[in-house]
Amino acid sequence: MGNKTINTKEMGKTIRGEGGTRRVWIDGLELRPGKSLKVRNHSPTGFNWGYGGSGPAQLALAIMLELAPGAATMLYQDFKREVVAAWKIDEDFWVPLDDVLRWIEERRPDMGAVKRHPVEGSSNIKSMGYSPESQVLQIEFKGGGIYEYYDVPEPVYKFMLAAESKGHYFATHIKPYFPCERVTNHWCECVSG
Numbered sequence: 006m007g008n009k010t011i012n013t014k015e016m017g018k019t020i021r022g023e024g025g026t027r028r029v030w031i032d033g034l035e036l037r038p039g040k041s042l043k044v045r046n047h048s049p050t051g052f053n054w055g056y057g058g059s060g061p062a063q064l065a066l067a068i069m070l071e072l073a074p075g076a077a078t079m080l081y082q083d084f085k086r087e088v089v090a091a092w093k094i095d096e097d098f099w100v101p102l103d104d105v106l107r108w109i110e111e112r113r114p115d116m117g118a119v120k121r122h123p124v125e126g127s128s129n130i131k132s133m134g135y136s137p138e139s140q141v142l143q144i145e146f147k148g149g150g151i152y153e154y155y156d157v158p159e160p161v162y163k164f165m166l167a168a169e170s171k172g173h174y175f176a177t178h179i180k181p182y183f184p185c186e187r188v189t190n191h192w193c194e195c196v197s198g
């Protein structure tokens, strides 16, 4: 279980894990739990697989944050139940990356992208949208970048909509309190009107 050398060119792109160390790699790059712990802290002791508990939830969230960041919080629990829990506990696993991407794509139409709407009169915020199902607030800033804020209750979003200064409300009521990720996928869109 030590330092194995895997020829990924022969295997193709994979997600792989070592049962003895509980270390996981996506296409040869080690996946660490830090980023996913900032979104939801299921398992501060790290990843696991082969059952439906907190370690597999942390792993599923970390994988979804890498492969479907705009949909991670909507998809990861299903991914844990349907995929991660099926991998044998304490054993190595290798899964073709294409299989996981196909799993994501098959569920994408049902999850619905966050649709942002233009924000008038704000010096900082260009557009924003909210998904009550996933409690994700998505904000596009005029200075560049689209960010998703997780676990935002719907009343907080509604107060932001009603705020005289959306940028001030964001800076004082959202940014300090809710975990976020920069969106780097093509699933987000801004709609006019």
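In the numbering used here, the protein residues as written are 6 to 198.
All residues carry an ideal CB built from backbone N, CA and C; glycine is no exception.
Check	Outcome
Look up G134 in the DSSP assignment and say whether it is helix, strand or coil.	strand
Inspect the CB distances between the stretch 64-81 and the stretch 24-31 and report whether three or more fall short of 8 Å.	yes
Apart from the five residues on each side of it in sequence, which residues of its chain come closer than 8 Å, Cβ to Cβ, to G172?	S127, S128, N129 and I130
Mind checking which residues open and close the beta strand (DSSP E) that includes Y174?	Unbroken run through Y174 is the alpha helix (DSSP H), K171 to Y174; no beta strand (DSSP E).
When the distance is taken between beta carbons, is V89 closer than 8 Å to W108?	no
Tell me whether W192 sits in a helix, a strand or coil according to DSSP, three-state version.	Because W192 carries a pLDDT of 44, less than 50, the predicted location of this residue cannot be relied on, and no value is offered for it.
Which residues bound the alpha helix (DSSP H) around T19?	No alpha helix (DSSP H) holds T19; the beta strand (DSSP E) holding it covers T19 to E23.
Taking the straight line between their C-alpha atoms, what separation do you get for G39 and P74?	15 Å
Taking the continuous beta strand (DSSP E) assigned at I94, which residues delimit it?	Segment: none, I94 is in no beta strand (DSSP E) and carries neither H nor E.
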